[in-house]
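Structure record follows, encoded as structure tokens.
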Amino acid sequence: MTAASDLVGLIVILALVLVPLSVRVVPQGMEYTLERWGRYIRTLAPGFNVIIPIFDRVGSKMNMMEQVLDVPSQEIITKDNAMLRVDGVVFFQVQDAAKAAYEVSRLQHAIMNLTTTNIRTVMGSMDMDELLSKRDEINARLLVVVDEATNPWGVKVTRIEIKDITPPQDLVESMGRQMKAERNKRASILEAEGFRQAEILRAEGEKQAAILAAEGKREAAFREAEGRERQAEAEARATQVVSKAIAEGNTQAINYFIAQKYVDALGKIAAANNQKVIFLPLDAAGILGALGGVAELTRSAFAKQDKEA
């Protein structure tokens, strides 16, 4: 009985010791690698896991959540030999715990060095103006290169962000002067363009005014010519009537014609700019006789019309 009791006690003791050693509870977001006699055999998922005590042991505890690494500030030389100070952040996530544990030593340190080296390579191949204006392009190029390099390690690099790009103080001052000169240049260009547009509009206005003035002169000349033409036709008809009356023996028509010319001549003399007072020996009886002849001619014309009627 004593031997049996000792055996049972030994078994109980071994059970109390081995049972806790055979159970592994893995927290959410973590994975453990399991090794047997120092060789990797499988990965323990989150939750309750049973292992063989003494023979099996946990190798590495891998964080499977997305992690962030701060890339320390470093100096780089751009393609145009400008010295800049740059820092950033890297976001990565372990997707294969076994590869992350056994394919690379010191995973975070390796990712940090890889990112730092590629920042120098990518940004060193670009001009300073490109670095300052194409930050998204830099991030995309870095992401492609670093993610491809870390893929054999079972790691997925999700994002790489350049936080700060700091030029030297003298370069900042030079850039400020350049920006001011560029703004002054744009202001001068806009001012010159405005003056040019104003001159164009003024020239267009003068052109339209000249066109309208020419059209007005042409219309006035046309009206004047038309008036002269009508006056000439009227004079021609009057001359024809007078000639016809003379041909019929009516001498009063001659008096009408002479009186008209006489009055026109007096009107021109009176309208002259250099004549203010006129002293001429005018034959009043002759003028009255001529006007009487005009009146007689008019009465004869009306009498003739009454007979025809």
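Residue numbers (the numbering used here): 8 to 316. Built from N, CA and C at the ideal position, the CB exists for glycine as well.
E155 versus A108: straight-line alpha-carbon distance, rounded | Here the alpha carbons of A108 and E155 stand approximately 18 Å from one another.
By Cβ distance below 6 Å, which residues in the same chain neighbour M71 in space, the five residues on each side in sequence not counted?
G36, E38 and V101
For the putative contact between S80 and I58, defined by C-beta atoms under 8 Å, what is the C-beta separation to the nearest angstrom?
That pair is no contact at about 45 Å.
**Asked** The alpha helix (DSSP H) with K106 in it runs from where to where?
**Response** A104 to Y109
- Range covered by the beta strand (DSSP E) that runs through S67: Residues D63 to N70.
**Prompt:** Over what stretch of residues does the alpha helix (DSSP H) that includes T165 continue unbroken?
**Reply:** First-last for T165: V162 to T173, but that is the beta strand (DSSP E), not the alpha helix (DSSP H).
Have a look at N146, L197 and R64 and flag the residue whose alpha-carbon is nearest the alpha-carbon of V129. N146
- Query: Whole-angstrom Cβ separation of T85 and S67, contact assumed at under 8 Å?
  - Reply: In fact, because the Cβ distance is near 40 Å, the residues do not count as touching under 8 Å.
Compute the Euclidean distance between the alpha carbons of Q185 and N191, then round it to the nearest angstrom.
-> 10 Å
Local Cβ density within 10 Å of A104, reported as buried at 16 or more and exposed below that: buried
Practice item. Buried or exposed for L14, please, with buried defined as at least 16 other CB atoms from any protein chain shown within 10 angstroms of its CB. Key: exposed
**Message:** In whole angstroms, give me the CA-to-CA distance for A232 and E226.
**Reply:** 10 Å
- prompt: So R148 is in the alpha helix (DSSP H); what residue range does that whole segment cover?
  reply: R142 to T157
Take T157 as the anchor and find which of V111, S195 and L91 has the nearest alpha-carbon. V111
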